[in-house]
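First to last, the sequence lines map onto chains A, B and C. Going left to right, the first sequence walks through residues 650 to 970 as the working numbering numbers them. Going left to right, the second sequence walks through residues 53 to 222 as the working numbering numbers them. Going left to right, the third sequence walks through residues 5 to 209 as the working numbering numbers them.
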Amino acid sequence: MNEIAVITNKVNPSLHIWGWEVPVYLFLGGLTAGILIIVSLMFLGKKEKEYSFASYKMALYAPIIMTIGMGALFLDLKHKLFVWRFYTTFNLASPMSWGSWVLLIIYPFSVLLIFATIRKGYPKYNEWIEQLLSKINFVLKIYKWLLEFSERNVRTIAAITMPFAILLGIYTGVLLSAFSARPFWNSPLMGPIFLVSGLSTAAAMVILLAKDHKEKEFFTKIDLGLIFTEITFLVLFIIGLTTSSIQYQKAADLILGGKLTPVFWVFVFGFALIIPAFLEILELKGKKIPSAYAALLVLIGGLILRFIIVDAGQTSGWLPY
Amino acid sequence: MKKNIYSNPYLAGVGLGIVMLLAFTIIGTGLGASGAMMRTVVAVEKVVSQEHVDNNFYLAKYGGGDKNPLDFWLIFAILGTFAGGLISGALSGRLKKETNKGPRISIKKRWVFAFIGGALFGIGTKLARGCTSSVALCGGATLDLGSWIIMLCIFAGAYMTAYFVRKLWI
Amino acid sequence: MFAPISIMTDMSKEMVLLIYFFIGIGFGFFLERGGLGNSKVMALQFYFRNMTVFKVMFTAIITGMTGLILLNAVGWLDLGSIYMNKSFLWPGIVGGLVMGVGFAVGGYCPGTSIVGLSTLKMDALFYILGSLFGMFIFGETVPYFEKFFKSGLMADNGTITIQKYFGMSSGLVAFIVIIIALLGFWGSEKVEKYFRDKETKNEIV
């Protein structure tokens with residue numbers, strides 16, 4: 650009796666306790682990854698003159714959004730004091746562990762990206778900071794040196810940030826797929842889906858916040874491509890589930906006729922993917938459509954996607970439910 | 053004239069009639085909008101106090117015990133209605149942030165009156181157990197006597213009020 | 005007889021919800037097409053300036069009605085298994101009149117306000133907030149007038165068709181409705197033209 654109880658606890662951890670915190674964390678983590686990838690790509694591709702918001706203003710959002718996301722995760726952790734343990738043991742097989750290390754690298758580099766862009770992106774903030782620091786000459790000097798250093802080496806910083814940002818994006822999905830006890834999550838496509846979705850939400854953020862019309866249009870095109878990639882991945886994901894063993898098929902049933910079918914197709918495919926794609930196509934064709942509309946749907950849809958996937962995974966299991 | 057940009061009302065009416073007919077033949081019920089709104093209200097109240105919902109015979113019907121008020125077809129019908137309006141508006145270039153109003157009223161005042169009108173309609177629709185979509189349109193097509201009486205009352209109420217609120221519109 | 009399909013085929017609840025989404029799309033699409041997502045179009049109905057509401061609504065009613073009668077006549081649709089709202093006469097009349105007042109003041113009804121919101125009409129947003137507030141008030145206070153709310157149940161089970169009540173055939177009632185609608189359409193065009201001419205005259209002067 651005892652033995653059985655121990656085994657099922659390992660294979661089938663009681664995960665059905667994740668509330669809103671984890672999906673929000675995954676969403677904001679993906680968004681941060683998307684932002685950093687876009688900013689890095691702008692500098693690596695030398696597009697910073699053409700697309701000023703994505704290059705100079707966007708980096709500031711990355712650490713802020715990531716911090717909010719970490720806050721949400723922190724609320725979810727039962728043993729808050731043990732967070733540091735992720736860092737004391739580096740376990741390659743545990744995505745929780747390498748995810749934490751990725752974050753540890755992402756933070757300073759996103760700050761360096763801000764240093765590299767603040768003078769052009771937010772001259773007023775910079776002036777304010779310099780004024781604040783002017784009382785202590787020594788600190789001001791360091792700050793100015795950091796700015797110049799970052800500006801000079803912006804492409805190197807971008808080149809280092811980029812792979813880690815991609816890892817972060819994939820990590821938000823792999824975190825789920827590592828739970829082998831949850832057939833709905835246990836798919837190699839989970840990482841790519843979350844990465845593409847994160848990129849798409851970040852592109853939507855540019856569309857929402859950029860002022861320049863050309864920049865909006867460019868990112869509308871990018872977002873459209875990302876949406877179609879995401880649709881492809883999701884379709885492959887569903888095919889993958891249905892052609893696997895019985896547990897996976899049962900998990901797929903959740904969205905193919907089962908309990909979560911209406912929400913999945915209406916919100917994820919309908920409002921988060923097809924309708925924004927439809928609006929973006931019309932917009933690129935020259936119809937008068939407020940670009941914020943599709944962008945907001947993509948952002949809200951990205952959040953809902955994570956809610957539904959987290960929920961579906963918790964409902965699916967190896968044992969009869 | 054601005055109204056000319058909309059399509060022919062008779063064609064739109066035929067389209068609407070066919071959609072309604074599809075609802076009747078596929079599912080066997082009509083359409084409705086107010087039910088979804090009421091369910092949203094109950095869902096919020098349920099979060100605040102389950103006990104309060106349980107103790108009210110009317111609210112309990114929607115969300116008593118472990119009933120989920122949002123798990124109902126009306127919710128999906130209204131989500132579809134939103135998507136349909138969005139699709140048609142986008143195709144015709146009518147997605148535009150604006151406030152429609154008469155020439156003699158400010159935008160802020162229009163918002164206040166929209167809220168008041170909505171509140172009255174909300175009370176009326178629950179009292180009569182249906183709104184224009186479910187009672188007037190679907191009840192009208194099924195030739196339900198009670199629905200026709202309510203429909204005539206809606207129009208009567210509106211025409212009787214119109215003169216007194218003409219500053220809002222003309 | 006094969007309809008209503010969901011009842012005949014024992015369709016799962018999830019499928020019904022999904023189908024309702026698509027039916028809703030059609031509903032919103034044609035409401036927007038017809039201009040009913042615009043409160044100005046709606047409200048001008050009550051000043052005889054713009055008869056769109058009447059035209060759309062009655063074309064829809066006679067289309068749906070004719071379709072139902074025909075499908076029933078050829079034996080494809082079981083009218084008996086179609087769900088109909090229960091009507092309670094007294095709250096129905098009072099509720100209808102209150103709705104009418106709300107319609108003239110607010111310029112929308114619930115379904116069209118959703119369409120208005122989807123096309124970013126800000127007045128529709130406030131209308132919806134108002135509706136939610138009104139329904140909240142109703143839900144909180146209805147226990148105090150429960151007796152009135154449940155008074156005047158029509159017929160025995162709450163639903164009775166016009167033809168049954170007056171002892172006529174459904175074909176005859178449908179015919180009368182169509183005639184009234186056609187007369188209404190004819191009158192609508194006349195009265196719209198009258199106000200258009202008046203407006204252009206005013207502009208010239």
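Cβ coordinates follow ideal geometry from the N, Cα and C atoms, glycine included.
(Q) Check whether the segment 942-957 of chain A and the segment 916-925 of chain A touch, using three or more Cβ-Cβ pairs below 8 angstroms as the test. (A) Judged by Cβ distances under 8 angstroms, the segment 942-957 of chain A makes contact with the segment 916-925 of chain A, as three or more pairs qualify.
(Q) I believe A:R768 touches A:L796 by the beta-carbon criterion, under 8 angstroms. Please report the beta-carbon distance rounded to the nearest angstrom. (A) Counting from 1 along the first sequence, the entry for residue 768 of chain A is found at position 119. Counting from 1 along the first sequence, the entry for residue 796 of chain A is found at position 147. Sure, about 6 angstroms apart at Cβ, within 8 angstroms.
**Q.** Burial state of A:P837, where buried means 16 or more other Cβ atoms lie within 10 Å
**A.** The residue labelled residue 837 of chain A in the question sits at position 188 within the first sequence. When all chains shown are included, A:P837 counts as exposed.
Q.
Can you find the residues in the same chain that come closer than 6 angstroms, C-beta to C-beta, to C:G110, ignoring five residues on each side of it along the sequence?
A. Counted from its first residue, the third sequence places residue 110 of chain C at position 106. So the qualifying residues of the chain are Y131.
**Q.** Contact set for C:L48: own chain, Cβ-Cβ below 6 angstroms, skip 5 residues either direction
**A.** Here residue 48 of chain C corresponds to residue number 44 of the third sequence, with the count starting at 1. Within the same chain, and ignoring the five residues on either side of C:L48 in sequence, the residues whose Cβ sits closer than 6 angstroms to its Cβ are N54.
Q: Grab me the residues of B:I206's own chain with a C-beta within less than 7 angstroms of its C-beta, minus the 5 sequence neighbours each way, in chain order.
A: Mapped onto the second sequence, residue 206 of chain B falls at position 154. Within the same chain, B:I206 has close Cβ partners T184 and A188.
**Q.** Proximal chain A residues relative to C:E18, where beta-carbon distance stays under 9 angstroms
**A.** As a first step, residue 18 of chain C must be located in the third sequence, where it is residue number 14. Within 9 angstroms Cβ-Cβ: G906, G907, K908, L909, T910 and P911.
Q: Work out the CA separation of B:Q102 and A:I713 for me, nearest whole Å.
A: Reading the first sequence from its first residue, position 64 is the one you call residue 713 of chain A. Reading the second sequence from its first residue, position 50 is the one you call residue 102 of chain B. Computed Cα separation, rounded: 37 angstroms.
Q) What whole-angstrom Cβ distance do B:I139 and C:F33 have, given they're in contact under 8 angstroms? A) Walking along the second sequence from the start, residue 139 of chain B turns up at place 87. Walking along the third sequence from the start, residue 33 of chain C turns up at place 29. Confirmed, about 6 angstroms.
Q.
Tell me which residue opens and which closes the alpha helix (DSSP H) that A:F916 is part of.
A. Numbered from 1 along the first sequence, position 267 holds the residue referred to as residue 916 of chain A. It is not in any alpha helix (DSSP H) - A:F916 carries neither H nor E in the DSSP assignment.
Q | Residues near C:S174 in its chain [Cβ-Cβ closer than 7 angstroms; skip 5 each side] | A | Position 170 of the third sequence holds residue 174 of chain C. Within the same chain, C:S174 has close Cβ partners I73 and Q167.
Q. Can you tell which of A:G694, A:F920 and A:L789 has the C-alpha that lies nearest to the C-alpha of A:T805?
A. In the first sequence, the residue the question calls residue 805 of chain A occupies position 156. Looking only at A:G694, A:F920 and A:L789, the smallest Cα-Cα distance to A:T805 is reached by A:G694.
Q | 8 angstroms Cβ shell around A:F920 - same chain, five flanking residues per side excluded | A | Position 271 of the first sequence, counted from the first residue, corresponds to residue 920 of chain A. Within the same chain, A:F920 has close Cβ partners L946, I949, G950 and I953.
Q: Since I believe C:L133 is in contact with B:F134 (beta carbons under 8 angstroms), could you give me their beta-carbon distance rounded to a whole number of angstroms?
A: Taking the first residue of the second sequence as position 1, residue 134 of chain B is located at position 82. Taking the first residue of the third sequence as position 1, residue 133 of chain C is located at position 129. Cβ-Cβ separation between B:F134 and C:L133: approximately 16 angstroms, too far for a contact (criterion under 8 angstroms).
Q.
Am I right that C:A64 and B:M72 are in contact with their C-beta atoms under 8 angstroms? What's the rounded C-beta distance?
A. Walking along the third sequence from the start, residue 64 of chain C turns up at place 60. Walking along the second sequence from the start, residue 72 of chain B turns up at place 20. Contact check for C:A64 and B:M72: beta-carbon distance about 6 angstroms, within the 8 angstroms limit, so the pair qualifies.
Q: Could you name the residues of the segment 124-151 of chain B whose beta carbon sits closer than 7 angstroms to any beta carbon of chain C, in the order they occur along the chain?
A: For the segment 124-151 of chain B, which is checked against every Cβ of chain C, the residues closer than 7 angstroms are W125, F128, A129, I130, L131, G132, T133, F134, A135, G136, G137, L138, I139, S140, G141, R146, L147, K148, K149, E150 and T151.
Q: Taking only the alpha-carbon atoms, compute the straight-line gap between B:N152 and C:K125 and give it to the nearest angstrom.
A: In the second sequence, counting from the first residue as 1, residue 152 of chain B sits at position 100. In the third sequence, counting from the first residue as 1, residue 125 of chain C sits at position 121. C:K125 has its alpha-carbon roughly 7 angstroms from the corresponding atom of B:N152.
**Q.** Assigned secondary structure, C:F254 (DSSP; H/G/I helix, E/B strand, else coil)
**A.** The shown model of chain C, from 5 to 209, leaves out residue 254 of chain C, and the question about it has no answer.
Q.
Pop quiz: A:L848 and A:I819 are said to be a contact at Cβ under 8 angstroms. What is the actual Cβ separation, rounded to whole angstroms?
A. By 1-based counting over the first sequence, the position of residue 848 of chain A is 199. By 1-based counting over the first sequence, the position of residue 819 of chain A is 170. Incorrect: roughly 11 angstroms between the Cβ atoms, too far for contact.
Q) Would you say B:L111 and B:V94 are within 8 angstroms of each other, going by their C-beta atoms? A) As a first step, residue 111 of chain B is located in the second sequence; it is residue number 59 there, counting from the start. As a first step, residue 94 of chain B is located in the second sequence; it is residue number 42 there, counting from the start. Here B:L111 is near B:V94, since their CB atoms are less than 8 angstroms apart.
Q.
Quick check on A:T810: buried or exposed, where buried means 16 or more other Cβ atoms within 10 Å of its Cβ?
A. What you label residue 810 of chain A is simply residue 161 of the first sequence in a count that begins at 1. Its Cβ being crowded by 16 or more others within 10 Å, A:T810 is buried.
(Q) If you measure between the beta carbons of C:T67 and B:G65, is that distance less than 8 angstroms? (A) Against the third sequence, residue 67 of chain C aligns to sequence position 63. Against the second sequence, residue 65 of chain B aligns to sequence position 13. Closer than 8 angstroms, so yes.
(Q) Residues of chain A with CB closer than 7 angstroms to the CB of C:L21, please, in chain order. (A) As a working note, residue 21 of chain C is residue 17 in the third sequence. The answer, in chain order, is P911.
Q. Over what stretch of residues does the alpha helix (DSSP H) that includes B:C205 continue unbroken?
A. In the second sequence, residue 205 of chain B corresponds to position 153, counting from 1. Here the alpha helix (DSSP H) through B:C205 covers L197 to A214.
Q) Is the CB-CB distance between C:I97 and B:I175 below 8 angstroms? A) Walking along the third sequence from the start, residue 97 of chain C turns up at place 93. Walking along the second sequence from the start, residue 175 of chain B turns up at place 123. For C:I97 and B:I175, no; Cβs fall outside 8 angstroms.
**Q.** Outcome for A:V788 when other beta-carbon atoms lying within 10 angstroms are tallied against a minimum of 16
**A.** On the first sequence, residue 788 of chain A is found 139 positions in, with the first residue counted as 1. Burial call: exposed.
Q.
With distance defined between alpha-carbon atoms, name the residue in C:F31, C:L121 and C:G188 nearest to C:Y129.
A. On the third sequence, position 125 is the one that residue 129 of chain C refers to. The question names Tyr, but residue 129 of chain C is Leu in the sequence shown. Selected option, being the one with the closest Cα: C:L121.
(Q) Considering Cα atoms alone, identify which of A:L709, A:A721, A:S701 and A:I686 is closest to A:W669. (A) Along the first sequence, read from residue 1 onward, the residue named residue 669 of chain A stands at position 20. Taking A:W669 as reference, the option from A:L709, A:A721, A:S701 and A:I686 with the minimal CA-CA separation is A:A721.
**Q.** Three-state class that DSSP yields for B:E103 in the structure shown
**A.** Mapped onto the second sequence, residue 103 of chain B falls at position 51. DSSP places B:E103 in helix when its eight states are reduced to three.
Q. Should the segment 121-129 of chain B be called in touch with the segment 13-26 of chain C, which here means at least 3 C-beta pairs below 8 angstroms?
A. Because the criterion of three Cβ pairs below 8 angstroms is met, the segment 121-129 of chain B and the segment 13-26 of chain C touch.
Q.
Does chain C have any CB closer than 8 angstroms to the CB of A:L781?
A. Numbered from its first residue, the first sequence carries residue 781 of chain A at position 132. Chain C, which has no Cβ nearer than 8 angstroms to the Cβ of A:L781, makes this no.
Q) Can the beta-carbon of B:I130 be found closer than 8 angstroms to that of C:I29? A) By one-based count along the second sequence, residue 130 of chain B stands at place 78. By one-based count along the third sequence, residue 29 of chain C stands at place 25. Their beta carbons are not under 8 angstroms apart, which means B:I130 does not touch C:I29 by this criterion.
**Q.** Presumed contact (8 angstroms Cβ cut-off) between A:L909 and A:K870, rounded CB distance
**A.** For this step, residue 909 of chain A is matched to residue 260 along the first sequence. For this step, residue 870 of chain A is matched to residue 221 along the first sequence. No, A:L909 and A:K870 are not in contact; Cβ-Cβ is about 32 angstroms, not under 8 angstroms.
Q.
Give me, in chain order, the residues of the same chain whose beta-carbon lies closer than 6 angstroms to that of A:Y674; leave out the 5 immediate sequence neighbours on both sides.
A. Sequence index remark: in the first sequence, residue 674 of chain A carries index 25 (1-based). Correct list, in chain order: G718, A721 and L722.
Q: Taking only beta carbons into account, state which residues of the segment 830-844 of chain A come closer than 9 angstroms to chain C, listed in chain order.
A: Cβ contacts with chain C come from no residue of the segment 830-844 of chain A.
Q: Would you kindly report the start and end of the unbroken alpha helix (DSSP H) that includes C:G138?
A: Start at 1 with the first residue of the third sequence, and residue 138 of chain C comes out as number 134. Segment M126 to T145, the alpha helix (DSSP H) holding C:G138.
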